[in-house]
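Following our numbering, the numbering of the sequence shown begins with 62 at its first residue and continues without gaps.
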Amino acid sequence: MIKQTPGRLYLAEQHGTLTTAQSSRSSVFSFGAFADVQRPAEGRLLAFNEETLSGGQQLTLPNSLAAYCVVVPLTGGIGCGDALSQEVVQVEEVWVARVPAGRAVVLTNPYPDAAVSFLHIWLADAAAPVAARAELFQYTFQQLESGLLEVTGGSVQLPFALSLGRFTGRQEAIYQPRRPDSLFFAYVLAGAFEIEGRLLHAKDGLALWQVAETELEALSNNALVVVLEVAP
């Protein structure tokens, strides 16, 4: 009998959704107006959202807890910062900021006539945030072709690691966490994967605990996946 790693599957059709005149959002965990007792934060991982922001629109995201905010542009650039200062983060870049409790993150679509899509991920910051410039990590789609790429690998101080990968059909990868007590979280952006015996389609998420290593296999071409390793 094959031993299955403890975990939880987050099906796309069960995500929280919020649609307004300016944006549309899909939330894996409770976030903002979406509150579901069945979708609490997973330890330090507070929120994982995929958002589409209409042309020229601005989104203000209040923050009640000291947290890291991670923005991953998917289609087009996105202005990231606060009400006073922003920088445009492009596709093939990842923006990571430490946000003190009570301070809002402001995201702006710089294109007046085109919508942009992006991820914004929130992780609890156990230490008191200090004033620091947001970090910007860069990668190329070509780098993703060889399997999972740890995009935030240049920063050992972060309590999480974010990896991206683009796979062909039946291409496999093994993810080995830095620590055995980390949370492993995967989110499929496109295509389908089998991850530790679980079948995931586009927009599905999977949380795993107590993993020495995690096996991923793409079941379709051009399959895209985001992997987060989160320290306890």
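All C-beta atoms in this analysis are idealised placements derived from N, C-alpha and C, irrespective of residue type, glycine included.
Please read all numbers here as calculations on a predicted model, not as lab measurements.
Spatially closest choice to residue i from the options, by CA coordinates
i    : options                : result
T229 : G214, L205, F245       : L205
E154 : Y172, A268, F179       : F179
A284 : T136, A127, E255, A188 : E255
A162 : F221, A144, L126       : L126
A158 : L70, L197, P241        : L197
L209 : T113, G77, Q99, V288   : V288
L107 : A268, Q119, F90, F95   : F90
L183 : L70, E278, F92, A175   : Strictly speaking, residue 183 in this sequence is Trp, with Leu absent from that position. The shortest Cα separation from W183 among L70, E278, F92, A175 belongs to F92.
A176 : S281, Y200, S146, G137 : G137
T78  : I139, T113, L70        : T113
R231 : V150, L280, S146       : L280
N25  : E276, V249, V272       : The shown model of the chain, from 62 to 293, leaves out residue 25, and the question about it has no answer.
Y129 : R100, F95, L219, S207  : L219
H76  : E233, R164, Q99        : Q99
R69  : A251, L277, E257, Q237 : E257
Beta carbon of residue i nearer than 7 Å to that of residue j
i    : j    : result
I235 : E274 : yes
P171 : V152 : no
S85  : E111 : no
W156 : A188 : no
L244 : V291 : yes
F246 : A263 : no
A185 : R105 : yes
T213 : V167 : no
V149 : G140 : yes
S115 : Q147 : no
G226 : V132 : no
Reduced DSSP secondary structure (H/G/I, E/B, other) of residue i
i    : result
A108 : strand
E153 : coil
E74  : helix
M62  : Per-residue confidence for M62 stands at a pLDDT of 39, beneath the threshold of 50, marking its modelled position as unreliable; no derived number is given.
Q147 : strand
Q204 : helix
E290 : strand
S281 : coil
W183 : strand
A82  : coil
Y172 : coil
S87  : strand
P67  : coil
G117 : coil
L269 : strand
S178 : strand
Presumed contact (8 Å Cβ cut-off) between residue i and residue j, rounded CB distance
i    : j    : result
A73  : D265 : 5 Å
P123 : W270 : Going by Cβ atoms, the distance from P123 to W270 rounds to 30 Å, so no, they are not a contact pair.
Q119 : T169 : 5 Å
P293 : D242 : 5 Å
*asked:* Just to confirm the assignment: which complete beta strand (DSSP E) runs, minimum length 3, are found wholly within the stretch 210-246?
replied: For the stretch 210-246, whole beta strand (DSSP E) runs of length 3 or above, ordered along the chain, are 221-228, 233-236.
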